[in-house]
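Take the position in the sequence shown, starting the count at 1, then add 739; the result is the number in our numbering.
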Amino acid sequence: MMAKIPKFKGSPLKRKKIFEAPSVTPLARSTPQPPEFKEFHLETMSRANQNVETSTVASTEFIESHQWKPHLTAPKSPVLQTSLRARPPRIKSSEELEKEELENAPQFKARPLNRKIFESKGDMGIFCNSKKQVTIPQEFHFAIDKRIPPPTAVVDLFDKLSISSEPHQEKPLPKNTTPNPFHLHTEERGAEKEKRMVEELTQKQLEEERARVPKAHPYPYTTDYPVIPPKPEPKPCTKPEPFQLESLLRHEEEMQREMEEKRRREMEEAQMRIFKAQPILKEDPIPVPEKVRRPLTEVEEFNLNVDHRAIDRAEFDKKIKEKEMVYKRYREEAESARMMEEEKALKQLRRTLVPHARPVPNFHHPFLPQKSAKEVTKAKSPKLLVNRRKEKRRLVCPAATAPRAAASHMR
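Here it is in structure tokens:
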């Protein structure tokens, strides 16, 4: 714990700024005084004095005696001044408006009564709701009896077998589809996922129930015998030391470099002020090169290949013919040597050949074929497409022969 305490490092004393700081004038001491309380100035009394007369006993009795009581009133027609006007009124009364509406209303005209209504016996006349008949139940017409034929005998099946292709018109009836239960992996995955979710929910509920149960903290061990940490050792006060800033060193180096640069420039300027005469030129410092005189071109005859090309070609052809003759002689000698070797080998083979008779075959253990363990092959009539091709031709031929017949009629 003591190692984590940060060490105190005092900053150096700034004497110049502290002693040159302006002095602050001391504040004057004030004596405490008790607070002054102000009263509230309300206007309720002035308003009450204004209405003093209305609040007396006499005024209240006069008001109670002259108070209005509810009672039945007699109706009176209003005294209107419309009849005394010089100009008659133009507005129509409600009675006149009602009469005009009745006059302008469309009149209803009823059609004459048809006497045949009373003489009707069925369809004509007044509509009559006919009573429905009782529903007669009927049997369902399923196609099961037609689709599934009765089982045939085995003898009839053998009679139907044939080697030759016969026209097969009847199509085999399809069998009833029996549902085959299949197993899906998605159901297993769904069951596993539901099981996992139930386990997670139960685990979460158990954790929440455990979290609800309060747990008391244990009694601390240091209450009976408290552990007092040792006091740190006192450290000596920090002594101020002058700063050794790198900026001061850099400033001194920069000033020294500027002084040396200034001294060097002054020496160069003093050297440039000294007069020095240039030497007299006796020879040309940049001499111009002289042009070289080349000799004239000598004319020579042309060396054409036409002169010696025919001679070289004749020599080349001669060498080729000689090589071909040599190769031909070598081939003939090799062929004759090979034929002689073959004749010698054939003669030697004929001398060494001795005729040997073949041995008589052994018939003590003749070959006896064993009976096959497989069943007898059942003959099945081949499924030829002859009938289907014939039907296609019948359908195609009339359509193809129709234009031909029309063309023959046109001719």
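In this text, a Cβ means the ideal position worked out from N, Cα and C, and glycines have one as well. As the structure is a prediction and not an experimental result, all values here were calculated from the model.
Item to complete: Only counting runs of 3 or more residues, tell me where the beta strand (DSSP E) segments fall wholly within the region 1027-1074, in order along the chain.
Response: none
Worksheet item: DSSP state of R826, grouped into three classes?
Response: coil
Item to complete: With DSSP collapsed to three states, give me the class of Q846.
Response: coil
Discussion item. By the three-class DSSP mapping on this structure, what secondary structure does K838 have?
Written reply: helix
Discussion item. Looking at P828: is its Cβ nearer than 8 Å to the Cβ of T821?
Written reply: yes
Item to complete: Pull up the distance between the alpha-carbon of K970 and that of A955, whole angstroms please.
Response: 34 Å
Worksheet item: Mapping DSSP to helix, strand and coil, what is A1016?
Response: coil
Worksheet entry | Residue range of the alpha helix (DSSP H) that includes Q944 | H924 to R951
Fill in: Straight-line Cα distance separating K1119 from R1133
28 Å
Item to complete: Taking S786 as part of the alpha helix (DSSP H), name the residues at either end of that continuous run.
Response: Residue 786 is actually Arg in this sequence, not Ser. Segment T783 to Q789, the alpha helix (DSSP H) holding R786.
Practice prompt. Express the C-alpha separation of N1101 and E1107 in angstroms, rounding to a whole number.
Written response: The residue asked about is misnamed: residue 1107 is Leu in this sequence, not Glu. Approximately 15 Å, taken between the alpha carbons.
Worksheet item: Helix, strand or coil: how does DSSP classify T1091 here?
Response: helix
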